[in-house]
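Yeah, the sequence shown ends on 503 if you go by the working numbering, and it's all consecutive. We treat Cβ as the ideally placed atom computed from N, Cα and C, and that holds for glycine.
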Amino acid sequence: MKHRLSMLAAVCALAIPALPTLAQKLPASQGSRHALIIGIGQYSNPAISSLGGVQYDMESARRMAQSMGIPPENMHFVRDGAATVAEITSQIKALDQRLVAGDRVFVYYSGHGTRWHEPEAAEGVCTEGLVASDGQVLSNKMISQLLTPIAAKADKMMVFYDACFSGGVAGKPFLTRSLKLGAANLTPKVATKGNADACFLPSNFRTRSLSTALQQQGNNAQNVVHIAASRPDEVSFDNSKEGGLATTAWRDCLLGAAQDLDDSGAITVDEITRCAQTRLDQNLANASGILGQHMTLGGNSQFVPAWIKAAFTAPLAPTPVASKPLPPAALLAEIHAQRDGRRQLAVMPDKPALTIGKDALQLHLTPDRDGYLYLALAGSDGESLYLLYPNQLDGDNRVQAGQRIDLPRTSWRITAGGPAGDNTLLVMLSDTPRDLAQLKGEAAGPFVHTLLDGEGRSVLQQTLGSGGAQCQTAGSALRNLQLGRQCNDSFASALLTIREQP
């Protein structure tokens, strides 16, 4: 978009430092991020089959948590015999106690699931649950009740469960025995609860979910991501030599095998899951009698869980795909998708449409909390993207709750300069200041005209979508209430369309 500045003082060019190659750095650990990793391969009830691959799943989940910037001291593990219903419940409650509002959370489970029909439930409505090491079951309702307080605090809560809820274990010996995949055994990750019934019939052998329960508790879909290894009526498999098929595939895709399909500069959970599904399909292509295993994704599919670094798994680096780069307006929409869904930011423009060469842009807002304000604009030409605020003329973007803000300020003005079309504006209010010095771009008067090559898009997403340098500190030093709010990724945002017309 081409803009004419009505008031502009002489300024120096913005310094754009050379950036290190992103693949050369490990993700910075952040004390505001937490993981609870639960794995059960051995059960006290001899009727429940063991899962030899869970030991590998625990390491896979640790690597996944590391890639999300979770420091080792914020990773808590519950394994095998220790993972009773009482202990899992206690660990989830302890996780809730450790959290400060705006933190991020990763909860992982690998083990057997189950599914049954309760007499009081409507016909055709099944209850799902996860089987603890003592053979007791955490139902979908119990789990959602435990996780709801966490979801109410967290900026993002991602739950990954590698289990399944159907499989006909009772009365179907073929399904209870491990299948062969090369040298490994494939074991269905399911156990019965009571007598088998229609709830237990699988669909990927020729023959009320946890996700739904999380939604029914009123959790904000913007802030919650839930990933399941299979559909509710499918079997998911444990590979005795490598771990759960879904976990292994998702881990590899998170750590470098997934492709940025829309060329946005970030890889979302949707793109990771698509990659993982392709790997699952390839893995099971030659497994006789199995129709497949289909991962399911719920909640915010556009969440960016980690900034993938090729240094983790160089052999898994994907072959570049030919794609049309994401338009600047869609890039701002992807950043907007990372917002804290509980927070609202009301922004009112003077006019929804501006006459080219005549009208000036004017926005009004009153923040509901202290923070840092940012304004980015995707131009009506469909090609340009500017960071308008803060800028060289107006660099102090710290704002206070209840203080009315008018942008642009009197020291800088933006008059519609064409071409005719829609401009997209992203207005952000973050707890934590963003490190704008790392942006890749060029000076456009007092503003930054962001370069939209692959690295430029990635750096823009990282800069605006995640917390600043003071958050990149592992563990307890910043875990008090006074400083906790200043060390998180949370932000509120508004996405507006302003039309330019002749």
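Quiz item: By Cβ distance below 6 angstroms, which residues in the same chain neighbour Leu362 in space, the five residues on each side in sequence not counted?
Solution: Sequence index remark: in the sequence shown, residue 362 carries index 361 (1-based). The answer, listed in chain order, is Ile415.
Exercise. Less than 8 angstroms between the CB atoms is what I'm expecting for Ser61 and Thr274, so what's the real figure, rounded?
Key: Mapped onto the sequence shown, residue 61 falls at position 60. Mapped onto the sequence shown, residue 274 falls at position 273. Between Thr274 and Ser61 the Cβ distance is about 15 angstroms, and since that is not below 8 angstroms, they are no contact.
Practice problem: Note down, in chain order, each residue of its chain lying with its Cβ closer than 7 angstroms to the Cβ of Leu376, except the 5 sequence neighbours on either side. | Solution: Numbered from 1 along the sequence shown, position 375 holds the residue referred to as residue 376. Excluding positions up to five away in sequence, the list reads Leu389, Tyr390, Leu408, Leu426, Val428.
Self-check item: CB-CB length for Val132 against Ile49, believed under 8 angstroms
Solution: One-based indexing of the sequence shown puts residue 132 at position 131. One-based indexing of the sequence shown puts residue 49 at position 48. Between the beta-carbon of Val132 and that of Ile49 there is about 7 angstroms, and that keeps the pair under the 8 angstroms contact cut.
Exercise. Could you tell me if Lys157 is buried or exposed, where buried requires 16 or more neighbouring beta carbons within 10 angstroms of its beta carbon?
Key: As a first step, residue 157 is located in the sequence shown; it is residue number 156 there, counting from the start. Classification of Lys157: buried, given that the 10 Å Cβ count is 16 or more.
Quiz item: Is it buried or exposed for Leu496, if we count other Cβ within 10 angstroms and need 16 for buried?
Solution: Your numbering for residue 496 matches position 495 in the sequence shown. Buried, since its Cβ has 16 or more Cβ neighbours within 10 Å.
Quiz item: If you draw a straight line from the C-alpha of Met349 to the C-alpha of Leu378, how long is it?
Solution: Sequence index remark: in the sequence shown, residue 349 carries index 348 (1-based). Sequence index remark: in the sequence shown, residue 378 carries index 377 (1-based). The straight-line gap from Cα to Cα measures roughly 15 angstroms.
Quiz item: Roughly how many angstroms lie between the CA atoms of Gly168 and Val449, to the nearest whole one?
Solution: Here residue 168 corresponds to residue number 167 of the sequence shown, with the count starting at 1. Here residue 449 corresponds to residue number 448 of the sequence shown, with the count starting at 1. With a pLDDT of only 40 at Gly168, under the threshold of 50, the placement of this residue in the model should not be trusted; the figure read from the coordinates follows. If you take the alpha carbons of Gly168 and Val449, they lie about 56 angstroms apart.
Quiz item: For Gln223, which option in Asp234, Gly299, Asn284 has the closest C-alpha, if you only look at C-alpha atoms?
Solution: What you label residue 223 is simply residue 222 of the sequence shown in a count that begins at 1. Of Asp234, Gly299, Asn284, the residue nearest in Cα terms is Gly299.
Exercise. Determine the direct distance from the alpha carbon of Leu430 to that of Ala402, and round the result to whole angstroms.
Key: On the sequence shown, residue 402 is found 401 positions in, with the first residue counted as 1. On the sequence shown, residue 430 is found 429 positions in, with the first residue counted as 1. Our two residues, Ala402 and Leu430, have alpha carbons roughly 11 angstroms apart in a direct line.
Self-check item: Exposure label - Asp397; buried when at least 16 CB within 10 Å
Solution: Your numbering for residue 397 matches position 396 in the sequence shown. Classification for Asp397: exposed.
Quiz prompt | 8 angstroms CB neighbourhood of Val400 in its chain, flanking five on each side removed | solution = Against the sequence shown, residue 400 aligns to sequence position 399. So the list reads Pro368, Asp371, Gly372, Tyr373, Leu374, Ile406, Leu430, once near-sequence residues are dropped.
Quiz item: In this structure, does DSSP put Leu482 in helix, strand or coil?
Solution: Within the sequence shown, residue 482 is the residue found at index 481, counting from 1. Residue confidence is low: Leu482 scores 41 on pLDDT, short of 50, so the model does not pin down where it sits. Its coordinate-derived value is still stated next. When DSSP states are grouped into helix, strand and coil, Leu482 belongs to the helix group.
Quiz item: Do Met69 and Gly40 come within 8 angstroms of each other at the CB atom, strictly closer than that value?
Solution: Working through the sequence shown from its first residue, we reach residue 40 at position 39. Working through the sequence shown from its first residue, we reach residue 69 at position 68. No. Outside cutoff.
Self-check item: Contact under 8 angstroms by Cβ, Leu100 with Lys154
Solution: Position 99 of the sequence shown, counting from 1, holds the residue named residue 100. Position 153 of the sequence shown, counting from 1, holds the residue named residue 154. Yes, Cβ-Cβ distance for Leu100 and Lys154 is below 8 angstroms.
Quiz item: Applying the criterion that 16 or more other CB atoms from any shown protein chain within 10 Å of the CB defines a buried residue, is Asn489 buried or exposed?
Solution: What you label residue 489 is simply residue 488 of the sequence shown in a count that begins at 1. Counting Cβ neighbours within 10 Å, Asn489 comes out buried, since at least 16 surround it.
Quiz item: Per DSSP, what kind of secondary structure is Thr356 in: helix, strand or coil?
Solution: Numbered from 1 along the sequence shown, position 355 holds the residue referred to as residue 356. Three-state DSSP puts Thr356 in a strand.
Quiz item: For Tyr44, which three-state DSSP category applies?
Solution: On the sequence shown, position 43 is the one that residue 44 refers to. Tyr44 falls in the coil class under three-state DSSP.
Self-check item: Residue span of the alpha helix (DSSP H) that contains Thr249, given as start and end
Solution: Taking the sequence shown and counting its residues from 1, the one referred to as residue 249 is at position 248. Thr249 -> alpha helix (DSSP H) spans 246 to 253.
Quiz item: Quick one: what does DSSP say Met429 is sitting in, helix, strand or coil?
Solution: Sequence index remark: in the sequence shown, residue 429 carries index 428 (1-based). Under the three-state reduction of DSSP output, Met429 falls in the strand class.
Quiz item: Got a sec? Which residues, its chain only, sit under 7 angstroms from Phe78 by beta carbon, not counting five neighbours each side?
Solution: Residue numbering aside, residue 78 sits at position 77 when the sequence shown is read from its first letter. The residues are Ile38, Met59.
Quiz item: Ser134 by DSSP, collapsed to three states: which one?
Solution: Taking the first residue of the sequence shown as 1, we reach residue 134 at position 133. If DSSP states are grouped into helix, strand and coil, Ser134 belongs with coil.
Quiz item: How would you write the range of the alpha helix (DSSP H) that Val270 sits in, first residue to last?
Solution: In the sequence shown, counting from the first residue as 1, residue 270 sits at position 269. If you look at Val270, you'll find it in the alpha helix (DSSP H) that goes 270 to 285.
Exercise. Count the other C-beta atoms from every protein chain shown that fall within 10 angstroms of the C-beta of Gly358, then say buried if there are 16 or more, exposed otherwise.
Key: As a working mapping, residue 358 is identified with position 357 in the sequence shown. Exposed, by the Cβ-count rule.
Exercise. Express the C-alpha separation of Pro328 and Glu1 in angstroms, rounding to a whole number.
Key: Nothing about residue 1 can be read from this structure; the chain reaches only from 2 to 503.
Quiz item: Cα separation between Phe107 and Glu501?
Solution: Along the sequence shown, read from residue 1 onward, the residue named residue 107 stands at position 106. Along the sequence shown, read from residue 1 onward, the residue named residue 501 stands at position 500. If you take the alpha carbons of Phe107 and Glu501, they lie about 43 angstroms apart.
Self-check item: Three-state secondary structure assigned by DSSP to Ala444
Solution: Here residue 444 refers to the residue found at position 443 of the sequence shown. Per DSSP, reduced to three states, the secondary structure at Ala444 is strand.
Quiz prompt | Cα-Cα separation, Asn284 to His227 | solution = For this step, residue 284 is matched to residue 283 along the sequence shown. For this step, residue 227 is matched to residue 226 along the sequence shown. Rounded to whole angstroms, Asn284 to His227 spans 23 angstroms at the Cα level.
Quiz item: Anyone know if the C-beta pair for Ser381 and Asp351 falls short of 8 angstroms?
Solution: Within the sequence shown, residue 381 is the residue found at index 380, counting from 1. Within the sequence shown, residue 351 is the residue found at index 350, counting from 1. No; because the gap between Cβ atoms is not below 8 angstroms, this pair is not in contact.
Practice problem: Taking all protein chains shown into account, decide if Arg410 is buried (16 or more other Cβ within 10 angstroms of its Cβ) or exposed. | Solution: Stepping through the sequence shown from its first residue, residue 410 is reached at position 409. It is exposed - the Cβ of Arg410 has fewer than 16 other Cβ atoms within 10 Å.
Quiz item: DSSP beta-bridge partners for Phe304?
Solution: Locating residue 304 in the sequence shown gives position 303, where the first residue counts as 1. For Phe304, which the question treats as bridged, DSSP gives no partner whatsoever.
Quiz item: Cα separation between Gln463 and Gln56?
Solution: The count along the sequence shown starts at 1 and reaches residue 463 at position 462. The count along the sequence shown starts at 1 and reaches residue 56 at position 55. Rounded to whole angstroms, the separation of the alpha carbons of Gln56 and Gln463 is 33 angstroms.
Practice problem: Measure the beta-carbon distance from Lys303 to Asp271 and round it to whole angstroms, keeping in mind my assumption that it falls under 8 angstroms. | Solution: The residue you call residue 303 lines up with position 302 of the sequence shown. The residue you call residue 271 lines up with position 270 of the sequence shown. A small correction: the amino acid at residue 303 is Gln; Lys does not occupy that position in the sequence shown. Contact holds; Cβ gap of about 7 angstroms.
Self-check item: Own chain residues within Cβ distance below 6 angstroms of Tyr366, not counting five before or after
Solution: Here residue 366 refers to the residue found at position 365 of the sequence shown. Sequence check: residue 366 is Leu here, not Tyr. Closer than 6 angstroms at the Cβ level, and outside the excluded window around Leu366, lie Val348, Ile406.
Practice problem: Tell me, please, which residues DSSP counts as bridged to Pro350. | Solution: What you label residue 350 is simply residue 349 of the sequence shown in a count that begins at 1. Answer is Leu364.
Quiz item: For Leu27, does the count of other Cβ atoms within 10 angstroms reach 16, so buried, or fall short, so exposed?
Solution: Within the sequence shown, residue 27 is the residue found at index 26, counting from 1. Its pLDDT being 44, under 50, Leu27 is placed unreliably in this model, and the value from its coordinates should be taken loosely. Result: exposed.
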